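Protein chains in written order, with our numbering: chain C, 1 to 353; chain V, 1001 to 1048.
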C-alpha cells in the first residue's frame, strides 16, 4: 500500500518475477531469430536489422496479447488472480520492447536520408483511402504513444494524484492501442506475407482477447440482484448461511455501486465492493488476518471501519447491516469512507458444517 | 470496478472488437496477389 512513494516497490517475489520476465523476453527474441534464420535461407534470407525489427515487434504484440488476457481470465476464474499482481511490471516491459521495435524501425527505414527521421516517418507518402497502401506506421505511432502514457503513469504516484477512477479510465486506452496494433500488423507486415499462418495468428489473438473481454463483461453486467422499497431503507440480501466464512456476497442494487457483504468469525460487515487502489472487486477477496484483502493487489481494510490498518491511509465506504434470525439486511445508503459501523453478530450454526 | 467503468469496459470492447475484426479481415483480403513468374509474350512469339 502507498503510505510513501518508492521508485519501484521491490520485494523478493517481484525481483524473481522480473528476472523470469526478462529471461522470457530474451528467450523469445533468440528463438524467433534463430528459427527465422533456419527457415529462410539462401535468396529468402532476412537481413539482421529486419530480423531484429520483426522479433521485437512480434514479441511486443505477443506480450500485449498476454497482458490483455490476464484481466478477463482472472475475472472468469480465480486461479488466474496471481497473474494480476505483477501486471504493471509486464506492461512496462512490453513498452520497453515496443520502444526497441519503434527505434529500430525509425533508424533503419528513415535514418539514412537528409530528412529528420520523425518527419520522414510522419510525411511518408501513402493513401488514407486504400487498405493496402494505408500509412500503417501511423497506427503504430499512436499505439506507441498510448503505451508510453500508460508506462509513464504506471507508478502509484500517478495513481494517487490522478485518482483511481481517472487512472483506470486512462488505462482503458490500452484496448484502443491493441486494436490499432492489430491493424498496424495487418496493414503493414501482413501485406507482403503470403502464408495463411500469420493472418491466422493475428486474427486468432484478436478473437481470443475480444471474446474473453466480452464474456467477462457480460457475466458481470448482471441485473440488480435486489432492489430497495420506498417504505424501508433496509434491503434483505440473503442469509448468513449463503456466505462462506471469511468470504463475501456481492450485492448489486439498481443505480448504486455494488456492496460486498463479508461474513467472518460470527459477524457480518458490509463495505463498498470497489477497492480504493485500482477499483478492484473487494467482494471477490477474502478476510485475511482480520482484514478484507483485495484479490488484485492485496490492499487491506478492516471490515468494521473500512480503513486500511496503520500506517496505511486508504478508506472505503461502509454500510449499516443487521441480522434478523439468519437473514441479513443492509442499508444501501453508503456511509462516508472510513466510517465505523458495528458488525452484525449471529450464532455460528451447525448447518454450516 | 465502479459501475461506470464496468459499463465503459463493455462498451469499448463491443465497439473495438467487431470494428477491428472487420477492418483486419478486409485488410487481409485486400492484399496484393503474389507475383507470378510468367514468360513475356514476346519471348513466346520468337521461340523456335
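Idealized CB from N, CA, C, for every residue including glycine. Bear in mind that the values here come from a model prediction, so they are computed numbers and not experimental data.
Using alpha carbons as the reference points, say which of 68(C), 15(C) and 109(C) lies closest to residue 50(C). 109(C)
For residue 214(C), which residues from the same chain have a beta carbon less than 6 Å from its beta carbon, with the 5 sequence-adjacent residues on both sides left out? none
At 7 Å on the CB atoms, spell out the chain C contacts of residue 1022(V), in chain order. Ordered by position in chain C, no residue passes the 7 Å Cβ test against residue 1022(V), which lies about 11 Å from the chain.
If contacts are defined as beta-carbon pairs under 8 Å, then residue 271(C) and residue 340(C) qualify, I think. What distance do you get, rounded to the angstrom? Actually they do not touch by this definition, with Cβ atoms about 12 Å apart.
Does the beta carbon of residue 132(C) come closer than 9 Å to any beta carbon on chain V? yes
So with CB distances below 7 Å, who are the chain V contacts of residue 220(C)? 1006
With DSSP as the reference, label residue 49(C) as helix, strand or coil. helix
Look at residue 1006(V) and residue 217(C) and say whether their C-beta atoms are less than 9 Å apart. yes
Given this structure, state the Cα-to-Cα distance separating residue 353(C) from residue 208(C), to the nearest angstrom. Because the pLDDT at residue 353(C) is just 41, under 50, the model does not fix this residue reliably, and the point stays unresolved.
Given that residue 213(C) touches chain V, what residues does it touch there, using C-beta distances under 7 Å? 1013
Going by DSSP, name the residue or residues bridged to residue 274(C). 281(C)
Strictly below 8 Å CB to CB, what residues from chain V border residue 187(C)? 1027
Buried or exposed: where does residue 236(C) fall if 16 or more other Cβ atoms within 10 Å of its Cβ makes it buried? exposed
Opening and closing residue of the beta strand (DSSP E) in which residue 239(C) lies: 235 to 239
Check whether residue 134(C) and residue 126(C) have beta carbons under 9 Å apart: yes
So what does DSSP say about residue 256(C), is it helix, strand or coil? coil
Using a Cβ-Cβ distance under 9 Å, would residue 257(C) count as near chain V? yes
Using alpha carbons as the reference points, say which of 323(C), 63(C), 19(C) and 16(C) lies closest to residue 181(C). 63(C)
If you follow the alpha helix (DSSP H) that residue 17(C) is in, where does it begin and where does it stop? 12 to 39
Can a CB atom of chain V be found closer than 9 Å to the CB of residue 2(C)? Unreliable placement is indicated for residue 2(C), whose pLDDT of 48 sits below 50; the coordinate value is still reported in the next sentence. By this cut-off, residue 2(C) is not an interface position.
Excluding five sequence neighbours on each side, which residues of the same chain lie with their C-beta closer than 7 Å to the C-beta of residue 2(C)? For residue 2(C), the predicted structure reports a pLDDT of 48, less than 50, and the residue's modelled location is therefore unreliable. The matter cannot be settled from this model.
Below 9 Å between beta carbons: does that hold for residue 104(C) and residue 52(C)? yes
If we count Cβ pairs, one from each stretch, closer than 8 Å, do we get three or more for the segment 325 to 337 of chain C versus the segment 250 to 267 of chain C? yes
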